[in-house]
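Asks: In our numbering, the protein residues as written are 635 to 1277.
This is the structure I have questions about; it appears just below.
Laid out in C-alpha cells, this is it:
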C-alpha cells in the first residue's frame, strides 16, 4: 500500500526542529523592532515624550539648543517642568493633537483664573508665568499683545498628569467635544458627566460582576461535558420551535392582514401584504431546508457530543489548560504596552522643522518615514505569533494526552512539556503560520482604511467592490486560521515542517468533510449558547445589584461594560475549548484512518469515542457495505490497508 507507506503518521516518536529559516527571519524582524525603539530613544524622543516640549521646540525642565529661524528656542527651562496649553480644549481631531500654543511653566494653575489680573497675581505668588515668554509679568494687564499671548479665559483648574508633566484640566467636560466626536449621541456634557460618574460610583459592583463572569466561565468549562447532550437537544428543539413558530406567525399575520386589507385599499397596505407573503414563503423554504439538514446531520451530531465529552476529560487531566488565556492575555498586554510606548516615541521623533504658524514640529525625513509601517506590521505579526504559540501549546498538550495509551504515564504537566517542545523545536513553524495570517490581514486593513476614507465620497460601485474584497479576505483569513490550527496539530504529532503538516492535515479534513462541517456548526453553536448563558447570567446579576444602587438613568453604561467583559471572558475560555475539540477531532480522524482495533493496531481513543465507532460500524453493517454517504465516509475506519 504505497499511499500509507509514503507518509505514515508517527505520533510523538521523534522530535526535530521545524522551519528554522523562518525562526531566523522572525528573530531578525524582532531585532528591527528593537532598533526602532532604540533609535527613537537615542534621538531624544523619549525625553520629549516624558518631559514634554513647548511650541518652540524646547524640552521642559532642561537646557535647550537653539533651532534656526525660531525666536524663542534654545531657552534654559530647568525650573519650568510642566507643559501648559493656552487653549487645552481646542482639539484637532483630524491630526489628533491639541491646536494651541504650548509653554513650559513651573506650576499648573490649581484654581480657576478668570481675568488677566488673576493670571498676573498667580505669576507673582507662585512664580509661574502662564503667558508666552516674550511678555513680562508686569505688563500682563497693559500690553495689547496679551490677548494673543495669554491663555484663553476662563483658565480651567488643572493638575499635572502623572509621569508625563503636562497640565490637564481637572474637569473632563472640557473634552466633551472630543468625546462627542467619538460618541455622537452625547450632545451635552452633563449626560457624559452623569455616565462617567455612574461608572465611578458602581465600580466595585462592576469589578465583582467581572469576577463572577470569570468564575462562571471556568465552571462552564468543567460542566459542559455533562450537559453537551442536553445542550444539543435544547438547541435542536429551540431551532425547530423557533423556525416553526416564526413561519406560523408570519402566515397568521399574512392571513389577518389580508382579511383587514380587503376593507382598506391603500398602496401601503398592499405593499405590506406583499412583503409579508414574501417573508412567509421564504421562512417556509428556510424551515424545510433546516429540517433536511438536521436529518442528514443527525448521525454526525453524535460524534460532536462524544468529542465534547472527551474534551471535558482533557480539562480534568490537564487543569492548567484553563489558565491558558491568562498567560496569552498577559503577554499580549505586555507587548501592546511596549508597542504603544514606541508608537508615542515615534510621534515625537525626528528633526525640528518650523511650520506655517512659526512654531516647531518634529518630522522624520528620508527613509525613516517608513518606520511607522514596519512598526504596524510588527504589531500584527507578533500578536498573531503570540496567539499561534497558544494554539501550538494547546495542540501539543492535547496530542500528548490523546496518544498516551496509559493516562497514568502522562508527563507531570503536559502543558509545560508542550511549551518546552514548542520553544525547543517548533518556533519556526509558528512564525511561518502567523506570517501567513499577517499577509492576509494587512491588505484587509489597508482596504478597510480606504473604505473609511471613501465614506463621504459616495461612489456606490467602488464601495461595494471594496466591501466584497474585505469580505473575501476576512473569509480567507478565517479558513487559513482553521487550517493553521490543524497544521500545528500535525506538527505536534509528526514534527514535520509547516507546509507538509498543512498538506497532511488538509487531506485528513477533506476525507472527513461532512464531519468537519457538523463539528464546526453544531459545536460552535453550542459554545455560542455557552457564551450567551454567561453574558445573560452576569447581566441578570448586574441588573439585580445595580437596581439596589441608584435610579435608572445611569445603569446603562456599567451594564454594557459588564456584559462586554463577560462576553470577552467567555469567548477567551470557550475558544480554548473549541481548540481542544478541533485537535481531538484531527487525532480521532488519524486514529481511525491508521488503526482498526485489531491486535498490533489498537485504537488510542477514549472509551466514549470507541462506543461511537462501534455504533457507526453496527449502522454500517445494517445499511450494507456501500449504503449511503455514512458508509463511504467510515470506510477508512475499517480498511486503511486498501488505500
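Every residue gets a Cβ at the ideal spot worked out from N, C-alpha and C, and that includes glycine.
1. One question on the structure: do residue 1168 and residue 847 come within less than 8 Å of each other, judged by their Cβ atoms?
2. Since residue 1066 contacts residue 656 with CB under 8 Å, what's their CB separation in whole angstroms?
3. Over the uninterrupted alpha helix (DSSP H) stretch that includes residue 1122, give me the two end residues.
4. Can you tell me whether residue 661 is buried or exposed, with buried defined as 16 or more other CB within 10 angstroms of its CB?
5. If you drop the 5 nearest sequence neighbours on each side, which residues of the same chain put their C-beta closer than 6 Å to that of residue 1278?
6. With DSSP run on the structure shown, which of helix, strand or coil describes residue 1039?
7. If you reduce the DSSP assignment to three classes, tell me which class residue 771 lands in.
8. Does the stretch 1029-1046 come close enough to the stretch 1213-1222 to have 3 or more Cβ pairs within less than 8 Å?
9. On the three-state DSSP scale, how would you describe residue 735?
10. Take residue 915 as the anchor and find which of 933, 938, 883 and 1094 has the nearest alpha-carbon.
11. When DSSP labels each residue in this structure, what does residue 804 get in the three-state scheme?
12. Between the alpha carbons of residue 981 and residue 670, how many angstroms are there, rounded?
13. Give the DSSP-derived three-state secondary structure of residue 785 in the structure shown.
14. Identify, in the order they occur along the chain, each residue of the same chain with its Cβ nearer than 6 Å to the Cβ of residue 1224, setting aside the five sequence neighbours on each side.
15. Grab me the residues of residue 852's own chain with a C-beta within less than 8 Å of its C-beta, minus the 5 sequence neighbours each way, in chain order.
16. Check this for me: beta carbons of residue 1135 and residue 1124, under 8 Å apart or not?
17. Exposed or buried, residue 876, counting other C-beta atoms within 10 Å across all chains shown (16 or more means buried)?
18. Can you tell which of 713, 864 and 684 has its C-alpha closest to the C-alpha of residue 978?
19. Would you list the one or two residues that DSSP bridges to residue 1138?
20. Quick check: residue 696 and residue 711, are their CB atoms within less than 8 Å of each other?
21. Could you pull the DSSP bridge partners for residue 988 from this structure?
22. Which of the three DSSP states is assigned to residue 967 in this structure?
23. With three or more beta-carbon pairs closer than 8 Å as the criterion, would you say the stretch 781-789 touches the stretch 747-758?
24. Figure out for me which residue from 1191, 1145 and 1159 has the closest Cα to the Cα of residue 1226.
25. Which whole-angstrom value is the C-beta distance of residue 784 and residue 765, which I expect to be below 8 Å?
26. Apply the 10 Å Cβ neighbour rule to residue 676 and answer buried if 16 or more other Cβ atoms are within range, or exposed otherwise.
27. Would residue 681 pass as a contact of residue 674 if the rule is Cβ separation under 8 Å?
28. Who are the Cβ neighbours of residue 704 in its own chain at under 7 Å, not counting the five residues just before and after it?
29. Look at residue 652 and residue 1129 and say whether their C-beta atoms are less than 8 Å apart.
30. With a floor of 3 residues, list each beta strand (DSSP E) that falls wholly inside the stretch 660-737, ordered by position along the chain.
31. Would you say residue 1149 and residue 1107 are within 8 Å of each other, going by their C-beta atoms?
32. Have a look at 1093, 1075 and 1126 and flag the residue whose alpha-carbon is nearest the alpha-carbon of residue 1105.
33. To the nearest angstrom, report how far apart residue 776 and residue 694 are at their CA atoms.
34. Nearest CA to the CA of residue 782: which residue from 1252, 735, 1027 and 1220?
35. Let me know if residue 821 comes out buried or exposed under the rule of 16 or more other beta-carbons within 10 Å of its beta-carbon.
36. Can residue 945 and residue 1246 be called in contact, C-beta distance under 8 Å?
Replies: Reading from the atomic positions:
1. By one-based count along the chain shown, residue 1168 stands at place 534. By one-based count along the chain shown, residue 847 stands at place 213. Residue 1168 is a Cβ neighbour of residue 847, given a cutoff of 8 Å.
2. Residue mapping note: residue 1066 aligns to position 432 of the chain shown, counting from 1. Residue mapping note: residue 656 aligns to position 22 of the chain shown, counting from 1. So it is a contact: roughly 4 Å between Cβ atoms.
3. Taking the chain shown and counting its residues from 1, the one referred to as residue 1122 is at position 488. Judged by DSSP secondary structure, residue 1122 falls within the alpha helix (DSSP H) whose first and last residues are 1094-1128.
4. In the chain shown, counting from the first residue as 1, residue 661 sits at position 27. With fewer than 16 other Cβ atoms within 10 Å, it is exposed.
5. No information on residue 1278 is available, as it lies outside the stretch 635 to 1277 that the chain covers here.
6. Your numbering for residue 1039 matches position 405 in the chain shown. Collapsing the DSSP output to three states places residue 1039 in coil.
7. Along the chain shown, one-based indexing puts residue 771 at 137. In this structure, residue 771 counts as helix in the three-state DSSP scheme.
8. Inter-segment contact for the stretch 1029-1046 and the stretch 1213-1222 is present: three or more beta-carbon pairs are separated by less than 8 Å.
9. Counted from its first residue, the chain shown places residue 735 at position 101. In the three-state DSSP reduction, residue 735 falls in the coil class, being neither helix nor strand.
10. As a first step, residue 915 must be located in the chain shown, where it is residue number 281. The option with the nearest alpha carbon to residue 915 is 883.
11. Translated into positions along the chain shown, residue 804 becomes position 170. Looking at residue 804 - three-state DSSP - the assignment turns out to be coil, as it is neither helix nor strand.
12. Locating residue 981 in the chain shown gives position 347, counting from the first residue. Locating residue 670 in the chain shown gives position 36, counting from the first residue. Going from the Cα of residue 981 to the Cα of residue 670 covers about 12 Å.
13. The count along the chain shown starts at 1 and reaches residue 785 at position 151. Of the three classes helix, strand and coil, the one that applies to residue 785 here is coil, per DSSP.
14. Counted from its first residue, the chain shown places residue 1224 at position 590. Answer for residue 1224: 643, listed in chain order.
15. For this step, residue 852 is matched to residue 218 along the chain shown. Excluding the 5 residues flanking it on each side, residue 852 has same chain C-beta neighbours closer than 8 Å at 956 and 1207, in chain order.
16. The count along the chain shown starts at 1 and reaches residue 1135 at position 501. The count along the chain shown starts at 1 and reaches residue 1124 at position 490. In this structure, residue 1124 lies closer than 8 Å to residue 1135 by Cβ.
17. Taking the first residue of the chain shown as position 1, residue 876 is located at position 242. Note on residue 876: under 16 other CB atoms within 10 angstroms of its CB, so exposed under the neighbour-count rule.
18. Counted from its first residue, the chain shown places residue 978 at position 344. The option with the nearest alpha carbon to residue 978 is 684.
19. Locating residue 1138 in the chain shown gives position 504, where the first residue counts as 1. The bridge partners DSSP lists for residue 1138 come to none.
20. If you number the chain shown from 1, residue 696 lands on position 62. If you number the chain shown from 1, residue 711 lands on position 77. Between residue 696 and residue 711, the C-beta gap is smaller than 8 Å, which places the two residues in contact.
21. Residue mapping note: residue 988 aligns to position 354 of the chain shown, counting from 1. Bridge pairing for residue 988: 994 [DSSP].
22. In the chain shown, counting from the first residue as 1, residue 967 sits at position 333. Per DSSP, reduced to three states, the secondary structure at residue 967 is helical.
23. With a cut-off of 8 Å, the stretch 747-758 and the stretch 781-789 count as touching, because enough Cβ pairs lie within range.
24. Here residue 1226 is taken as the residue at index 592 of the chain shown, counted from 1. Shortest Cα-Cα distance from residue 1226 to any of 1191, 1145 and 1159 involves 1145.
25. Within the chain shown, numbered from 1, the residue matching residue 784 stands at position 150. Within the chain shown, numbered from 1, the residue matching residue 765 stands at position 131. Separation of the CB atoms of residue 784 and residue 765 is rounded to 4 Å, and the pair is thereby assigned contact status at 8 Å.
26. Mapped onto the chain shown, residue 676 falls at position 42. The residue is exposed, with fewer than 16 neighbouring Cβ atoms inside 10 Å.
27. The residue you call residue 681 lines up with position 47 of the chain shown. The residue you call residue 674 lines up with position 40 of the chain shown. Going by C-beta atoms, residue 681 is not nearer than 8 Å to residue 674.
28. Counting from 1 along the chain shown, the entry for residue 704 is found at position 70. Short of 7 Å from the beta carbon of residue 704, and not among the five residues preceding or following it, lie these beta carbons of its own chain, in chain order: 690, 691, 988 and 994.
29. Locating residue 652 in the chain shown gives position 18, counting from the first residue. Locating residue 1129 in the chain shown gives position 495, counting from the first residue. Yes.
30. Listed in chain order, they are 716-719.
31. As a working mapping, residue 1149 is identified with position 515 in the chain shown. As a working mapping, residue 1107 is identified with position 473 in the chain shown. Cβ atoms of residue 1149 and residue 1107: not closer than 8 Å.
32. The sequence position of residue 1105 within the chain shown is 471, counting from 1. Per the Cα distances, 1075.
33. By one-based count along the chain shown, residue 776 stands at place 142. By one-based count along the chain shown, residue 694 stands at place 60. Going by the C-alpha atoms only, they are around 28 Å apart.
34. By 1-based counting over the chain shown, the position of residue 782 is 148. The residue from 1252, 735, 1027 and 1220 with its alpha-carbon nearest to that of residue 782 is 735.
35. Against the chain shown, residue 821 aligns to sequence position 187. At residue 821 the pLDDT is 47, less than 50, meaning the model places this residue with poor confidence; the figure from the coordinates comes in the next sentence. The residue in question, residue 821, is exposed, as its Cβ has fewer than 16 Cβ neighbours within 10 Å.
36. Numbered from its first residue, the chain shown carries residue 945 at position 311. Numbered from its first residue, the chain shown carries residue 1246 at position 612. With contacts defined by Cβ atoms closer than 8 Å, residue 945 and residue 1246 do not form a contacting pair.
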